[in-house]
Amino acid sequence: MPELPEVETTRRGLVPHVVGRRIRDVVVRNARLRWPIPRDLRRRLRGEEVLAIRRRGKYLLFDCRHGHLLIHLGMSGRISLVAEGAAPRSHDHFDLQLEGGRTLRLTDPRRFGAVLWLDSPAEDHPLLRGLGLEPFEAEFTARALRERAGGRRVAVKQFLMNSRVVTGIGNIYASEALHEARVHPERSVARITPKRWELVAAAIRGTLERAIAAGGTTLRDFASAEGKPGYFQHEFAVYGREGKPCKRCGARIRASRQGQRSTFFCPRCQR
DNA sequence: CCGGACGCCTGTCGGC
DNA sequence: TGCCGACAGGCGTCCG
């Protein structure tokens, strides 16, 4: 489910209810996620105060005095704030009971998500250390993208989805941003001019910004921490629109596959 | 180093 | 109706 806009929407929904509160207790109903939830997590978290909630790529980091709780939503994960004592439903694997009567609850049918404890500094953890450019940081520029593309021939869509290059862009927003930039997803990064990199960088930021403003994308069951669905799916230019007219030029949107993932693009205005 | 394929899971949908 | 394969918002790991 969640790419950068959905994770950021989740983060923003959590901040007012979680930051500054202490963790009263932790419930692990099923520890078997992408990696096992650490057995000592409850001991580590009880009594800790959540000082801040940060996002790095698609990872959420809950900063505490003695370390950091890391949550990744994988493909199907969702975080909701529920009333303390609310009955768990299926796939509700993890609860963080907060002081003040609310519980942060992780639901994840496919269990590709993760809940881990990181020592400080969190950036030194193997999962975070190798991550690439953050789209809303100043270092994210056309030049930086071009430098990272240097000497490579990979297709631009797969390049943008590589978290060692850029973080936060998944299958939906890669297709959408490339349509906005008018660049064909199969184009090799070796054949993208500096001018085109400018378009790509701007389109990534623009697309992600609009998606965050729309509260993310809800295809099946994504919802913010407060339970509100996203609306960006109504703004899709290409994703899931195979055979429908391009909103810019009217040509039929095409679908293909790249690296076992579906890709959508306009064969006329993306070159 | 790079690029590509695989596997981890459950749920849903389309075709027969 | 039931069954079966394909596919779904991610990503670490392995292999050539």
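209 is the number of the first residue of the first sequence in this note's numbering; add one for each residue after it. C-beta atoms are modelled at their ideal positions from N, C-alpha and C, and glycine is treated no differently.
Output the boundary residues of the alpha helix (DSSP H) element that contains Y447.
Per DSSP, Y447 belongs to no alpha helix (DSSP H) and is neither H nor E.
Exposure of G438, with buried meaning 16 or more beta-carbon neighbours within 10 Å: buried
- What are the boundary residues of the beta strand (DSSP E) that R263 is part of? Residues 260 to 264.
Note to self: To the nearest angstrom, how far is the alpha carbon of S328 from that of H274?
What the structure shows: 7 Å
(Q) Checking 7 Å against the spacing of the C-beta atoms, do R247 and V234 come in under that value? (A) no
C-alpha distance - V391 paired with I279, whole-angstrom precision
33 Å
task = Could you tell me which of R469, E216, R237, N238 sits nearest to A363, measuring between CA atoms?
result = R469
Note to self: Whether or not the segment 318 to 333 and the segment 278 to 295 are in contact is what I'm after, with contact meaning three or more pairs of Cβ atoms, one per stretch, closer than 8 Å; do they touch?
What the structure shows: yes
Assuming T217 contacts L268 (C-beta within less than 8 Å), just tell me the rounded distance between them.
With a Cβ gap of about 11 Å, T217 and L268 do not count as contacting.
DSSP has W325 in a bridge; who is on the other side? W325 is bridged to L277.
_Residue range of the alpha helix (DSSP H) that includes Q480_ = The chain is shown from 209 up to 479; residue 480 falls before or after that span and cannot be answered.
Around the C-beta of S298, are 16 or more other C-beta atoms found within 10 angstroms, so that it is buried, or is it exposed? With fewer than 16 other Cβ atoms inside 10 Å of its own Cβ, S298 counts as exposed.
In whole angstroms, give me the CA-to-CA distance for A431 and H442. 15 Å
* Should V446 be counted as a contact of the ligand FMN given a C-beta to heavy atom distance under 6 Å? -> Looking for the ligand FMN in the displayed structure turns up nothing, as the structure carries no ligands at all.
*asked:* Ignoring anything shorter than 3 residues, give me the beta strand (DSSP E) runs that lie fully in the segment 299 to 324, in order along the chain.
replied: 300 to 306, 310 to 315
query = Among R456, S396, H387, Y381, which one has its Cα closest to the Cα of I420?
reply = Nearest neighbour of I420 by Cα position, chosen from R456, S396, H387, Y381, turns out to be Y381.
#### Entry: Under the three-state DSSP convention, the category F367 falls into
helix
Item checked: Where the beta strand (DSSP E) through L212 begins and ends -> It is not in any beta strand (DSSP E) - L212 instead sits in the alpha helix (DSSP H) that spans 212 to 226.
Helix, strand or coil at V374 [DSSP, three-state]:
DSSP places V374 in strand when its eight states are reduced to three.
task: Run the CB neighbour count on L427, radius 10 Å, all protein chains shown included, and call it buried at 16 or more, exposed below.
output: exposed
Taking C-beta to C-beta, are F440 and A422 nearer than 7 Å? yes
Inset, instruction - State the CB to CB distance for the pair R229 and E257, rounded to an integer number of angstroms; the pair is presumed to be in contact (CB under 8 Å). - result: 7 Å
In this structure, what does DSSP give as the bridge partners for E257? R230
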